[in-house]
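Mapping the sequence shown onto the UniProt record's numbering, position 326 (from 1) lands on 326, and the numbers just tick up by one.
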Amino acid sequence: MPASHISLPTPTEPTGFNIILKHGHPDLVQCIAFNTYGDRAATGSVDGKIRVFNRSRDNVWRLCDAWTAHPSEILDIQWLPPTIYPNLLATLGVEGRFKLWAEDPGATAGRRFAGGGGGAAAVGAGRMGQVGGMGRDSTPKAAYETRATKSVFRSFSLRHDEVTRHTYLALLAADGGLTVLENEQVENLSDWNALDEWNVFDGGSAPGGGQAGSTAPGAGGGHHPTGSTGSAGMATPGAVASGYTSTGRPARGEETSFRVRFDPNPEVCYTALRAGVPTDALGLVVAAMDTVKVYRTRDTVTSQMGMATAVKEFCLVAELPGHRGLVRDVAWAPGNIRGHDIIATACQDGFVRVFKLETPLPPTSPSEDTHGKGWSSSLLKKHAKRTPGVDGDEGLRNTPDKAPTAAGKAQSGIGNEINRSRSGGDRRSSIKHVVTEISKLHSHGTPVWRVGFDDDGQILGSTGDDGKLMCFRQTPDGAWARSAELGMMKVPMAVPDR
């Protein structure tokens, strides 16, 4: 009998990439952002316009909304998690204004973000009394907007905690001022409280009085570190170096570059927990000119009307060395279950540098002390416990497990403020952080502008002046190597004869 031929079903989804070729912007597209699911994309151009696209079931990107968000170039765009209702889109313009745009799901296409609907009003009025929607002059109004008082914002980063439902916003200004805001009511994202504020150019270059070491590869640019681990020195206050003035700001007329990113991991690395980092600590990587610094929060005690209150304060834990040009972008890799954190930088000198951030235990420390906690839930606590019947800071110190937290070490709320004023606002951490440069990639050969990780932290992508997307993967020996290269190729089309 002849063999019967079985026809295989035709796949319904294409196997290639779905590219938004006709984005509709009349000018250069400056930034693009995808949401968590990857089915929504927002693009921003240098003319201040934003266009939002939705991917339909047939894998075709269709325009959802378009409006003029800023009077000039858009620097950055970021989606907030879809667990927040309504959908929110954050933007930053070159004029220095940060804006939050709320979507109205009931509006028609073309007026979902910029139209006057209930979605924008659901997040409340802005700091300056501005409610989302269209004004009388048909000008799009953001649900919330803010700007710096002394300088202009140049970068921002948002982080939402799904457990506490708190949202954090970091804004980096052109003078190095970094402001971190906190929102405790996700239903009203117009109510922000100041969490911390400092200048990234101040406070030296190494935390903890030599507690943070750095291991950098040799001049050959190999993948494996060949240097020795040591303590990074402190910079002399007021010194003029790398083009900076005595006030810490870049010199007038000098090209600048600023970037800030939150740690995307929901929990702190387990090795950092054993080293003493709080479980609810926030992480920030900040690129200012040619310096890259890593900050983490510590628990401190402040006094308000005689009552001791535990608050978060950012402290400098490490500095990523070796950059010989402006750092254009930074990325913190998700997936710190590996036991350490991975941070990548894109530099104008043409290199993509990958660093490993570790928090090793001191070799002479016991297994259950300040630098080596056990794995008991009473030790790995999120907040300082307050003893019933004890008011003030004594309730923060006399915890059942006697774990010496940052709040417990404080003598009192007033004493903590006095010690902070005496130290001159020292933001160095006492927990040792070791930075190792594990890879120095030079695949572009041109200045690198953007760098980023995938959701698992397994693939690293970078783009440069060559117009190519380079993808890197980590090899078994820990180094990163190029795995793929994507580029746009122009093909001349033949004109038919008439």
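Where is the CB? At the ideal position from N, CA and C, for every residue including glycine.
Beta-carbon spacing of residue i, residue j below 8 Å
i: proline 140; j: alanine 33; result: no
i: threonine 164; j: alanine 272; result: no
i: alanine 142; j: leucine 100; result: yes
i: valine 451; j: alanine 333; result: no
i: alanine 287; j: serine 257; result: yes
i: glycine 96; j: valine 152; result: yes
i: leucine 357; j: valine 435; result: yes
i: alanine 66; j: arginine 55; result: no
i: arginine 353; j: glutamate 485; result: no
i: leucine 158; j: alanine 90; result: yes
i: serine 439; j: methionine 470; result: no
i: valine 285; j: valine 292; result: yes
i: arginine 428; j: leucine 361; result: no
i: cysteine 64; j: arginine 111; result: no
i: glycine 24; j: glycine 93; result: no
i: threonine 463; j: tryptophan 480; result: no
i: proline 266; j: glutamate 162; result: yes
i: phenylalanine 98; j: tryptophan 198; result: no
i: residue 541; j: asparagine 35; result: Shown here, the chain extends from 1 to 498; a query on residue 541 therefore has no answer.
Burial state of residue i, where buried means 16 or more other Cβ atoms lie within 10 Å
i: glycine 350; result: buried
i: valine 294; result: buried
i: proline 476; result: exposed
i: proline 71; result: exposed
i: asparagine 59; result: exposed
i: proline 250; result: buried
i: glycine 38; result: exposed
i: glycine 213; result: Caution applies to glycine 213, whose pLDDT of 45 falls short of 50 and renders its modelled position unreliable; the value that the coordinates give is listed next. Glycine 213 comes out buried.
i: arginine 40; result: buried
i: lysine 432; result: buried
i: aspartate 456; result: exposed
i: glutamate 319; result: buried
i: threonine 146; result: buried
i: glutamine 474; result: buried
i: arginine 252; result: exposed
i: leucine 88; result: buried
i: threonine 44; result: The question names threonine, but residue 44 is glycine in the sequence shown. Buried, by the Cβ-count rule.
i: arginine 261; result: buried
i: glycine 283; result: buried
Start and end residues, alpha helix (DSSP H) containing residue i
i: residue 503; result: No answer is possible for residue 503: the residues shown for the chain start at 1 and end at 498.
Residue i: first and last residue of the uninterrupted beta strand (DSSP E) it sits in
i: residue 500; result: As shown, the chain starts at 1 and ends at 498. That puts residue 500 outside it, with no answer to give.
i: phenylalanine 472; result: 468–474
i: tyrosine 85; result: No beta strand (DSSP E) holds tyrosine 85; DSSP gives it neither H nor E.
i: glutamate 145; result: 144–147
i: proline 484; result: As written in the sequence, residue 484 is alanine, which differs from the proline given in the question. Alanine 484 -> beta strand (DSSP E) spans 480–487.
i: methionine 307; result: 307–320
i: residue 511; result: Beyond the ends of the chain as shown, which are 1 and 498, falls residue 511; an answer cannot be given.
i: lysine 150; result: Looking at the DSSP string, lysine 150 is not in any beta strand (DSSP E), and its letter there is neither H nor E.
i: aspartate 76; result: 74–79
i: alanine 288; result: 283–288
i: glutamate 437; result: 434–441
i: threonine 345; result: 341–347
i: valine 94; result: It is not in any beta strand (DSSP E) - valine 94 carries neither H nor E in the DSSP assignment.
i: aspartate 477; result: Taken as a continuous stretch (DSSP letters only), aspartate 477 belongs to no beta strand (DSSP E), as it is neither H nor E.
i: asparagine 183; result: 177–183
i: glutamate 358; result: 352–358
i: phenylalanine 113; result: No beta strand (DSSP E) contains phenylalanine 113, which DSSP labels as neither H nor E.
i: glycine 452; result: 448–453
i: leucine 172; result: 167–173
i: aspartate 104; result: First-last for aspartate 104: undefined, no H or E at that position.
i: aspartate 329; result: 327–332
i: phenylalanine 262; result: 258–262
TODO: Could I get the ranges of all uninterrupted beta strand (DSSP E) runs contained in the stretch 23–66, with 3 residues as the minimum, in chain order?
DONE: 29–34, 40–45, 49–55, all fully within the stretch 23–66.
Open item on the list: Count Cβ pairs between the stretch 70–78 and the stretch 30–49 that sit closer than 8 Å; are there 3 or more?
Closed with: yes
TODO: Spell out a yes or no on whether the stretch 174–181 and the stretch 298–307 are touching, meaning 3 or more CB-CB pairs, one atom from each, closer than 8 Å.
DONE: no
- [ ] State whether the stretch 185–195 contacts the stretch 318–331, with contact taken as three or more CB pairs (one from each stretch) at a distance under 8 Å.
- [x] no
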